[in-house]
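Participant: Start counting the sequence shown at 493; every next residue gets the next number (this note's numbering).
Beta carbons are placed, not taken as given, at the ideal position from N, Cα and C, and that holds for glycine.
Predicted, not measured: the structure shown is a model, and the values here were computed from it.
Structure below; questions to follow.
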Amino acid sequence: MSFTPSIIPLPAEIESGTGFFQLSSTTQISVQSALAQNAADWFKATIYTQSGVSLPLSTQSGEIALQETTGLAAEAYKLTITGEGIKVEAGDESGFLYGLVTVLQLIPFNGPAAPGVWNVPTATISDAPRFGWRGLMLDSVRHFQPIWWVKKFIDAMALHKLNTLHWHLTDDQGWRVEIKKHPALTAVSAWRKESRVGHENSGGEHDFDGRPHGGFYSQDELRDIVAYAAARGIEIVPEIEMPGHATAVLAAYPHLSCTGAKFEVNPRWGIFDDVFCAGNDDVFQFMEDVLEEVLE
Numbered sequence: 493m494s495f496t497p498s499i500i501p502l503p504a505e506i507e508s509g510t511g512f513f514q515l516s517s518t519t520q521i522s523v524q525s526a527l528a529q530n531a532a533d534w535f536k537a538t539i540y541t542q543s544g545v546s547l548p549l550s551t552q553s554g555e556i557a558l559q560e561t562t563g564l565a566a567e568a569y570k571l572t573i574t575g576e577g578i579k580v581e582a583g584d585e586s587g588f589l590y591g592l593v594t595v596l597q598l599i600p601f602n603g604p605a606a607p608g609v610w611n612v613p614t615a616t617i618s619d620a621p622r623f624g625w626r627g628l629m630l631d632s633v634r635h636f637q638p639i640w641w642v643k644k645f646i647d648a649m650a651l652h653k654l655n656t657l658h659w660h661l662t663d664d665q666g667w668r669v670e671i672k673k674h675p676a677l678t679a680v681s682a683w684r685k686e687s688r689v690g691h692e693n694s695g696g697e698h699d700f701d702g703r704p705h706g707g708f709y710s711q712d713e714l715r716d717i718v719a720y721a722a723a724r725g726i727e728i729v730p731e732i733e734m735p736g737h738a739t740a741v742l743a744a745y746p747h748l749s750c751t752g753a754k755f756e757v758n759p760r761w762g763i764f765d766d767v768f769c770a771g772n773d774d775v776f777q778f779m780e781d782v783l784e785e786v787l788e
């Protein structure tokens with residue numbers, strides 16, 4: 493019987509077959525290329541998280557075969573599902589990952605088969621991305637997210653075959669990156685006394701939640717996140733604001749402003765005039781210090 497695929501994004505080419513491949517705890521993943529190892533590990537771990545079933549990995553033959561091939565575009569894959577097994581062909585790590593993401597989307601975890609047994613519909617699918625940059629922005633300044641939440645966000649990106657996380661890490665309302673040369677960024681700039689409730693132009697003048705808010709990511713945590721994302725085919729692009737959007741920094745280092753006035757980590761939303769002073773040599777040294785550590 494044919495089927496209507498629930499695959500996001502919809503593949504470039506898909507031909508539905510008849511019947512199913514029965515995937516179970518005895519189904520073996522055959523890793524026939526070093527380029528496929530990372531994707532195979534991810535697929536195995538994700539299946540286990542979803543169902544408690546641990547599929548065996550092997551470099552020998554198996555019902556799920558991951559085969560390296562030439563002639564496919566970057567990040568492309570070809571997926572063939574028959575009644576006997578599943579074959580994913582790709583020429584790079586991302587292609588194998590996206591092929592297995594598609595397989596994962598086709599597995600009816602809540603289907604009518606017996607527990608730990610799933611009927612995967614047969615099909616032939618060829619796919620490649622239309623856009624090289626498939627990004628999503630995460631703002632961790634206005635609302636700080638713990639590491640476990642960021643990883644769940646990255647997992648969701650991988651399941652939609654997105655490949656770039658634009659991570660907004662500094663702004664007027666907070667600073668989220670540990671910079672060892674400037675510890676006040678995490679001691680002071682990472683925390684605000686309260687937050688504006690709703691849109692800046694809505695509600696009363698004193699509509700604030702009255703709750704301190706903040707947090708930051710250590711350099712070790714950031715390295716862990718970068719590696720976690722890379723294993724899912726995602727590159728992290730950190731956004732470090734300069735010369736504007738600097739109020740949180742100026743709360744810790746007011747001498748970097750043009751006035752030297754007293755600042756607070758801003759509890760409001762909007763656009764503010766207080767920026768790094770372009771005529772101050774200390775500003776350029778500060779920027780170099782920050783970028784050197786971010787780029788490590």
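Which parts of the region 626 to 681 are runs of the alpha helix (DSSP H), unbroken and 4 residues or longer, counting only runs that do not cross its ends?
Facilitator: Whole alpha helix (DSSP H) segments, 4+ residues: 639 to 651, 676 to 679.
Participant: Which same chain residues, not among the five before or five after leucine 614, have their C-beta less than 6 angstroms away from its C-beta?
Facilitator: The residue you asked about is not leucine; residue 614 is threonine in the sequence shown. Closer than 6 angstroms at Cβ, skipping near neighbours: Gly509, Gly511, Ile573, Thr574.
Participant: Are the region 666 to 683 and the region 699 to 715 in contact at 8 angstroms, needing three or more beta carbon pairs?
Facilitator: Between the region 666 to 683 and the region 699 to 715, the count of C-beta pairs closer than 8 angstroms reaches three or more; the two stretches touch.
Participant: Measuring alpha carbon to alpha carbon, tell me which of Asp716, Pro621, Trp625 ends up nearest tryptophan 640.
Facilitator: Checking every option, the nearest Cα to that of tryptophan 640 belongs to Asp716.
Participant: Between the Cα of tryptophan 534 and the Cα atoms of Gly577, Gly583, Gly591, Glu576, which residue gives the shortest distance?
Facilitator: Gly591
Participant: For serine 618, write down the residues that DSSP places opposite it in a beta bridge.
Facilitator: DSSP, once it has assigned bridges, lists Glu505, Lys570 as partnering serine 618.
Participant: What residues match up with valine 593 in a beta bridge as DSSP calls it?
Facilitator: Note: valine 593 sits in no beta bridge, so no partner.
Participant: Where DSSP assigns a beta bridge to alanine 557, which residues make up the other side?
Facilitator: Ser522, Lys579
Participant: Can we say the region 560 to 579 touches the region 530 to 546, given the rule of at least three CB pairs closer than 8 angstroms?
Facilitator: no
Participant: Pop quiz: arginine 668 and valine 633 are said to be a contact at Cβ under 8 angstroms. What is the actual Cβ separation, rounded to whole angstroms?
Facilitator: 6 angstroms
Participant: Would you mind stating whether serine 522 and serine 550 have Cβ atoms separated by less than 7 angstroms?
Facilitator: yes
Participant: In whole angstroms, give me the CA-to-CA distance for glycine 690 and threonine 678.
Facilitator: 26 angstroms
Participant: Are there 16 or more other CB atoms within 10 angstroms of the CB of methionine 649, so buried, or fewer, so exposed?
Facilitator: buried
Participant: Answer with buried or exposed for threonine 519, where buried requires no fewer than 16 other C-beta atoms within 10 angstroms of its C-beta.
Facilitator: buried
Participant: Mind reading off the beta-carbon distance from leucine 654 to arginine 626? Whole number of angstroms is fine, and I expect it under 8 angstroms.
Facilitator: Indeed, because the Cβ distance is near 5 angstroms, the residues count as touching under 8 angstroms.
Participant: From the DSSP output, in three-state form, read off serine 498 for me.
Facilitator: coil
Participant: For the pair the region 762 to 778 and the region 736 to 754, tell me if three or more CB-CB distances fall below 8 angstroms.
Facilitator: yes
Participant: So, helix, strand or coil for isoleucine 599, using DSSP?
Facilitator: coil
Participant: Identify the residues that DSSP records as bridge partners of leucine 515: which are they?
Facilitator: DSSP, once it has assigned bridges, lists Trp610 as partnering leucine 515.
Participant: If we count the other Cβ atoms within 10 Å of its Cβ and call it buried at 16 or more, is histidine 737 buried or exposed?
Facilitator: buried
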